[in-house]
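Novice:
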Amino acid sequence: MTDITAQTAPRARWLTRERIIKWAPLLVLIVLVLLFPFFEWLEDFRESKEHLYLADSRFFSIRNAARIAIASTPALMVAIGVTFIIIMGSIDLSMEGTVSVCAVIFAFAFIGWGGTLTSWAWLAIPLALLVGAVLGFINGLVHVRLKIPSFMASLAMGFVGTGFALLLTGGDRIRVEDDLFRSLLTVRWFNFPIMCYVALAMLLIAWFIQSRTTLGRNFYAVGGGEELAHASGLNVSRVRIMGFTLAGIFFAMGALLAVGRIGIAETATGNNFMFISITAVVVGGTALWGGIGGVWNTLVGVLIVNVINNGMVVIGLPSYVQDGVLGLLVIAAVVLSTDRKTVSFVK
Amino acid sequence: MSFERIKPHFPWITLLVLVLLVGIANPSFFDPAGLLSLVSDVVPLFIMALGMTFAIYIGGIDLSVQQMANLVTVIATVYLANFGIGVALIAVAAGFIIGAFSGFVTTRLYVPSFVSTLAMGFVALSAAKYLSGQRALYMDAELRDASFGWMFGRTAGVPHELVIALVLLAIAWFLQTRTTFGRALKAVGSGELAAVASGLNVDRVKILAFAISGVFAAIAGLIFSVKLSGGDANLANGFLLLAIVAVLVGGTPLTGGVGGVVNTAIGTLIVMVIRAAMVYLEIDATQQQMVFGIVLIAAIALTIDRSKLRGVVK
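Quick note, the sequences are listed as chains F and W, same order.
Going left to right, the first sequence walks through residues 130 to 476 as the working numbering numbers them.
Going left to right, the second sequence walks through residues 20 to 333 as the working numbering numbers them.
#1: Could you give the DSSP three-state label for R302/F: helix, strand or coil?
#2: Apart from the five residues on each side of it in sequence, which residues of its chain come closer than 8 Å, Cβ to Cβ, to L187/W?
#3: Between which two residues does the alpha helix (DSSP H) carrying I190/W extend?
#4: Pull out every residue of the stretch 197 to 218 of chain F whose Cβ sits closer than 7 Å to any Cβ of chain W, in chain order.
#5: Excluding the five sequence neighbours on either side, which residues of its own chain have a C-beta within less than 6 Å of the C-beta of F373/F, listed in chain order?
#6: Quick one: is F133/W near chain F, going by C-beta distance under 7 Å?
#7: Going by the CB atoms, is the gap between S135/W and S145/W shorter than 7 Å?
#8: Mind listing the chain F neighbours of S248/W? Cutoff is C-beta to C-beta under 9 Å, in chain order.
#9: Could you give the first and the last residue of the continuous alpha helix (DSSP H) run that contains D452/F?
#10: Should the stretch 281 to 291 of chain F be regarded as contacting the stretch 357 to 366 of chain F, the criterion being three or more beta carbon pairs within less than 8 Å?
#11: Tell me the DSSP secondary structure of P322/F in three-state form.
#12: Inspect the CB distances between the stretch 147 to 156 of chain W and the stretch 90 to 102 of chain W and report whether three or more fall short of 8 Å.
#13: For T245/F, which three-state DSSP category applies?
#14: Where does A394/F sit, in a helix, a strand or coil, going by DSSP?
#15: I215/F: buried (16+ other C-beta within 10 angstroms of its C-beta) or exposed?
#16: Could you check whether the Cβ of A138/F sits closer than 7 Å to any Cβ belonging to chain W?
#17: In whole angstroms, what separates the C-alpha of E356/F from that of A255/W?
#18: Go through its chain and collect everything with a Cβ distance to I133/F's Cβ below 7 Å, but skip five positions before and after it.
#19: T431/F to V351/F, Cα distance in whole Å?
#20: Please confirm if T291/F has its CB atom under 7 Å from at least one CB of chain W.
#21: Verify whether the separation of the beta carbon atoms of V211/F and F402/F is less than 7 Å.
#22: With a threshold of 16 other CB atoms inside 10 Å of the CB of V221/W, please say whether the residue is buried or exposed.
#23: Please give the ranges of any alpha helix (DSSP H) in the stretch 277 to 323 of chain W, keeping only runs that are unbroken, at least 4 residues long and fully inside the region.
#24: Given this structure, state the Cα-to-Cα distance separating G263/F from G218/W, to the nearest angstrom.
#25: Would you check if the distance between the CB atom of A74/W and the CB atom of F229/W is smaller than 7 Å?
#26: Please classify L252/F: is it buried, with 16 or more other beta-carbons within 10 angstroms of its beta-carbon, or exposed?
#27: Examine chain F for any beta-carbon lying closer than 7 Å to the beta-carbon of G312/W, and answer yes or no.
#28: Tell me the DSSP bridge mates of L156/W?
#29: Between the stretch 149 to 156 of chain F and the stretch 413 to 432 of chain F, are three or more C-beta pairs nearer than 8 Å?
#30: Per DSSP, R317/F forms a beta bridge with which residues?
#31: Does R317/F pass the burial test, meaning 16 or more other C-beta atoms within 10 Å, or should it be called exposed?
#32: CA-CA distance, A397/F and R369/F?
#33: Taking its Cβ as the centre, do 16 or more other Cβ atoms sit within 10 Å of S101/W, making it buried, or is it exposed?
#34: For R173/W, which residues does DSSP report across the bridge?
#35: Should the stretch 232 to 247 of chain F be called in touch with the stretch 295 to 302 of chain F, which here means at least 3 C-beta pairs below 8 Å?
#36: For chain B, check one thing: does any of its Cβ atoms lie closer than 7 Å to the Cβ of T374/F?
Spelled out as structure tokens, the structure:
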């Protein structure tokens, strides 16, 4: 042990694998933020127009930052939920179904109980969170009690969820037009709509859960080595089920913000959340193998994904390129975060 | 008779019971013409599930099949005018390349197959959207009939689609049971570490398995596209769940190693009968996904080999 450290050059010790993995996502985000304005500058330069780098950029502006933030908030909630699961070394693919069900039930309850936040309809918000928790709980139960690998259990539950949402709506869209509820999007403080601050608050709560509660530490314990955690007396099954329940609550939060953003709840509300949130978590630097990463990584990851989406539109690339780019990005991120010496084979 | 002993016979018993139940409730179910059209309707799904069987047989999964088929519907529609029946070749090549790439990413780059195939699925979706210009495309009827009209004829009352499905099943069965590759698949599915230790080139076997899955998904997409006479980046959506269900209720567990393509044939028939039953019971189409999601959970729970998960279920 001592021999090895003695032989390592100081420089190599400074640039350790862990350190690179830890800071790479943030670096990528910064590079991206500087890269898109550069393309804009390049375009104007070719047409010999006046263009001061960054200052004249359409991408690098408060207005666009708010746009990116708005697009990020629902995805951030969903991605935070799945972060806890991935820290445990499991995965949750049920978010599309859960988000749809929560959004639809919220909208029905909200309209049925008065249709404005000043009436009893505000109860629809806790109801939606409860529904998310219940769905997550069932998900965890199926995974743990029936001993089905989490990716399959949650994928199947996701299908059930989407089907259930379709059953509830019959394919219709439900409009939520309460001004007070829509103020999530319409009222802005310091250029950013309220929903961004709500998301920030939820992020802080998630950070608190992750770093200051027993449950949060147990997630890391399970992800770091399940057998060890079990041997040291931890009730791993319970931690897992609680993790999935917590994730469900965050999915419901994502559903609420998604409805707040668009003003419509439908079966398709949950579409695309699966791929975007998994991509965001993995790109942010939370390892699929568990035990590493956290909610701040997820924030960086969500921003990377949304900066790419937004930047591509700004520099005029067609939207269909995004899916492919994100697909390759997620592969690259998993490859970079995998320590090949410790992995024997994957399925 | 213990449960473990009857477990391998479970799928066809289930099929038989379901057929009898549906038949008793609705005797017109046994009408040969109706039955034949039911079976030929399920052919694209069956072919897709056939490919998926290889991915699941080695203990992986292929979540890209649906997008693969979507891409091929677009390819077929766009290039039909230029290449005629040659689009079949392009489709198969595309399936092979994308599938093999997923396999490469899984084995050589250590990305779990559900992530690598999901990601490659989105790459395929991107390509499909690019090729189609994000519109629904239609085939020229004359060109279609000239190149692929033979797919939908009937010989002595047997739809040609069914013949195609049976030929593909025979090929897949031959691959699985009568070739060294098939034995290698079994070895990898039964215990990957043991297969590595005995000197098998496991990576190559796995990459090929994913490539085969891609090829079958592409063929499924082609038939689907010809059938509907068009292509669209969302045309085959909804197939993924049913394909996984068909493989699993057929008795090939998620953990791999047992089951196989014949099981998938039975599994697809079970899916078909459940669908027919739902139509008869007037269960709305919107509820299908929920029903099949629950069937999926039950099928996994019944078939999965928990001893292989070595205590830890992630």
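Just so it is clear, CB atoms sit at the ideal spot from N, CA and C, and this is done for glycine as well.
Specialist: With the given structure in hand:
#1: Numbered from its first residue, the first sequence carries residue 302/F at position 173. R302/F: coil per DSSP, three-state reduction.
#2: Looking up residue 187/W in the second sequence gives position 168. Only I66, L69, F235 and I238 meet the Cβ criterion.
#3: For the purposes of this step, residue 190/W is taken as the residue at position 171 of the second sequence. Where I190/W is concerned, the enclosing alpha helix (DSSP H) stretches over H179 to R197.
#4: Of all residues in the stretch 197 to 218 of chain F, G218 have a Cβ within less than 7 Å of some Cβ in chain W.
#5: Position 244 of the first sequence holds residue 373/F. The beta carbon of F373/F lies closer than 6 Å to those of G265, N268 and G269 in the same chain, with the five residues before and after it left out.
#6: Counted from its first residue, the second sequence places residue 133/W at position 114. With 7 Å as the cut-off, F133/W counts as an interface residue toward chain F.
#7: Sequence index remark: in the second sequence, residue 145/W carries index 126 (1-based). Sequence index remark: in the second sequence, residue 135/W carries index 116 (1-based). Taking 7 Å as the cut-off, the beta carbon of S145/W is found no closer than this to the beta carbon of S135/W.
#8: Here the question's residue 248/W lines up with position 229 in the second sequence. Those within 9 Å of S248/W in chain F number zero; the least Cβ separation is about 23 Å.
#9: On the first sequence, residue 452/F is found 323 positions in, with the first residue counted as 1. First-last of the alpha helix (DSSP H) with D452/F: Y449 to S466.
#10: no
#11: As a working mapping, residue 322/F is identified with position 193 in the first sequence. In the structure shown, P322/F sits in a strand (DSSP, three-state: E or B).
#12: yes
#13: In the first sequence, residue 245/F corresponds to position 116, counting from 1. In the structure shown, T245/F sits in coil (DSSP, three-state: anything other than H, G, I, E or B).
#14: On the first sequence, position 265 is the one that residue 394/F refers to. In the structure shown, the three-state DSSP call for A394/F is strand.
#15: Taking the first sequence and counting its residues from 1, the one referred to as residue 215/F is at position 86. Burial call: buried.
#16: Here residue 138/F refers to the residue found at position 9 of the first sequence. Residue placement at A138/F is flagged as unreliable, the pLDDT there being 49, under the threshold of 50; a coordinate-derived value is accordingly withheld.
#17: Taking the first residue of the first sequence as position 1, residue 356/F is located at position 227. Taking the first residue of the second sequence as position 1, residue 255/W is located at position 236. If I take the Cα positions, the gap works out to 42 Å.
#18: Position 4 of the first sequence, counted from the start, is the residue given in the question as residue 133/F. For I133/F, the predicted structure reports a pLDDT of 45, less than 50, and the residue's modelled location is therefore unreliable. The matter cannot be settled from this model.
#19: As a working note, residue 431/F is residue 302 in the first sequence. As a working note, residue 351/F is residue 222 in the first sequence. Correcting the residue type first, residue 431/F is Val in the shown sequence and not Thr. Taking the straight line from one Cα to the other gives about 25 Å.
#20: As a first step, residue 291/F is located in the first sequence; it is residue number 162 there, counting from the start. It does; some Cβ of chain W falls within 7 Å.
#21: For the purposes of this step, residue 211/F is identified with residue 82 of the first sequence, where counting begins at 1. For the purposes of this step, residue 402/F is identified with residue 273 of the first sequence, where counting begins at 1. In this structure, F402/F does not lie closer than 7 Å to V211/F by Cβ.
#22: Mapped onto the second sequence, residue 221/W falls at position 202. V221/W should be labelled buried.
#23: Taken in chain order, the whole alpha helix (DSSP H) runs of length 4 or more contained in the stretch 277 to 323 of chain W are 280 to 299 and 307 to 322.
#24: Taking the first sequence and counting its residues from 1, the one referred to as residue 263/F is at position 134. Taking the second sequence and counting its residues from 1, the one referred to as residue 218/W is at position 199. Looking at the sequence shown, residue 263/F is not Gly but Val. Cα to Cα, the separation comes out at about 48 Å.
#25: Position 55 of the second sequence holds residue 74/W. Position 210 of the second sequence holds residue 229/W. Result yes, Cβ atoms of A74/W and F229/W sit closer than 7 Å.
#26: The residue labelled residue 252/F in the question sits at position 123 within the first sequence. It counts as exposed.
#27: For the purposes of this step, residue 312/W is identified with residue 293 of the second sequence, where counting begins at 1. It does: the Cβ of G312/W has a partner Cβ on chain F nearer than 7 Å.
#28: Stepping through the second sequence from its first residue, residue 156/W is reached at position 137. Bridge partners of L156/W: G250/W.
#29: The count of Cβ pairs closer than 8 Å, one atom from the stretch 149 to 156 of chain F and one from the stretch 413 to 432 of chain F, reaches three, so the stretches are in contact.
#30: The residue you call residue 317/F lines up with position 188 of the first sequence. Answer is P322/F, bridged to R317/F.
#31: On the first sequence, position 188 is the one that residue 317/F refers to. Exposed is the call here.
#32: Position 268 of the first sequence, counted from the start, is the residue given in the question as residue 397/F. Position 240 of the first sequence, counted from the start, is the residue given in the question as residue 369/F. Roughly 28 Å between the two C-alpha positions.
#33: The count along the second sequence starts at 1 and reaches residue 101/W at position 82. In the sequence on display, residue 101/W carries Asn and not Ser. With fewer than 16 Cβ atoms within 10 Å of its Cβ, N101/W is classed as exposed.
#34: To locate residue 173/W, count along the second sequence from 1; it is residue 154. For R173/W, the beta-bridge partners assigned by DSSP are P178/W.
#35: yes
#36: Among the protein chains in the structure shown, which are F and W, there is no chain B.
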